[in-house]
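*Asks:* Letter 11 of the sequence shown, counting from 1, is numbered 11 in UniProt numbering, and no numbers are missing.
Each residue gets a CB set at the ideal place from its N, CA and C atoms; glycine is no exception.
Model, not experiment: these values are computed from the prediction.
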Amino acid sequence: MRAAVRASWKRRDRDLLGRFDFSWDGQGDPKLLEYNADTPMILVETAVGQRLWWDHVHRKEDEASHRIKWCFNTIEKQLAVAWPRVMPPKTSLCVAGTNASVEEQEHAAFVAKTAAASGIAVTLAGMDQLSVANGKVVTTWDNTPVPCVWKLYP
């Protein structure tokens with residue numbers, strides 16, 4: 001499977017999401033710490049980070065800003081809009097991850113939900129259920145070809 005992932009990177013296949021981590025002391029320019037794209041909890045960390053940032057910047061909480069706060073995080077909606085831009089038309093998707101934790105399983109289910117919301121036919125599978133046939137075709141345990149995979153793999 002590693003070779004298939006590396007080949008995807010070399011082809012520069014389109015990415016769906018990524019996250020820049022910054023630190024900022026409130027003065028001057030923010031400092032870039034790292035970029036994350038293939039890490040398991042990218043969506044969970046991003047959503048929590050955005051909420052904490054909002055709480056810090058908007059310390060005076062009133063009813064109007066409370067409503068805005070919960071509308072601020074639009075990750076789910078934005079992913080549903082993004083899927084058709086990165087997927088070939090009429091292609092099904094396999095969302096694959098590990099079963100290492102409930103958090104990782106729920107994360108994969110969330111990603112699958114966003115793809116399904118955009119009209120894509122989606123299946124969920126464990127990374128251990130996928131293999132590579134003939135050195136380049138990703139298949140399921142029963143040798144069914146998988147045209148497109150989104151992986152959640154540490």
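Restricting to Cα atoms, I'd like to know which of Thr140, Asp128, Lys10, Thr144 is closest to Gly97.
*Replies:* Measuring from the Cα of Gly97, the nearest candidate turns out to be Asp128.
*Asks:* Which residues in the same chain as Phe20 place their Cβ atom closer than 7 Å to its Cβ, once the five residues preceding and following it in sequence are excluded?
*Replies:* Leu32, Tyr35
*Asks:* Using 8 Å as the threshold, is the C-beta distance between Ala37 and Asp13 below it?
*Replies:* no
*Asks:* Are Val132 and Val111 touching if we call contact CB-CB under 8 Å?
*Replies:* no
*Asks:* I need the boundaries of the beta strand (DSSP E) containing Ser131, first residue and last residue.
*Replies:* Secondary structure note for Ser131: its beta strand (DSSP E) is the uninterrupted segment 131-133.
*Asks:* What separation, rounded to the nearest whole angstrom, lies between the Cα atoms of Ala100 and Trp24?
*Replies:* 33 Å
*Asks:* Identify every residue that forms a DSSP beta bridge with Trp54.
*Replies:* None; Trp54 has no bridge partner.
*Asks:* Quick check: what's the CA-CA separation for Ala109 versus Ala3?
*Replies:* 25 Å
*Asks:* Our contact map puts Thr46 next to Glu76 with C-beta atoms below 8 Å; I'd like the distance itself, whole angstroms only.
*Replies:* Incorrect: roughly 11 Å between the Cβ atoms, too far for contact.
*Asks:* Determine the closest residue to Trp141 out of Leu130, Cys148, Gln27, with distance taken between C-alpha atoms.
*Replies:* Leu130
*Asks:* Short of 6 Å in beta carbon distance, which residues of its chain neighbour Val149, apart from the five on each side in sequence? Order them along the chain.
*Replies:* Cys94, Ala96, Val138
*Asks:* Arg19 lies in the alpha helix (DSSP H); which residues open and close that run?
*Replies:* Counting along the chain, Arg19 falls outside any alpha helix (DSSP H), though it belongs to the beta strand (DSSP E) covering 19-23.
*Asks:* Could you tell me the boundaries of the beta strand (DSSP E) in which Ala112 lies?
*Replies:* Per DSSP, Ala112 belongs to no beta strand (DSSP E); it is in the alpha helix (DSSP H), 102-117.
*Asks:* Quick one: residues in its chain with C-beta nearer than 8 Å to the C-beta of Leu17, no 5 flanking neighbours on either side, listed in chain order?
*Replies:* Ala37, Ile42, Leu43, Leu79, Ala82
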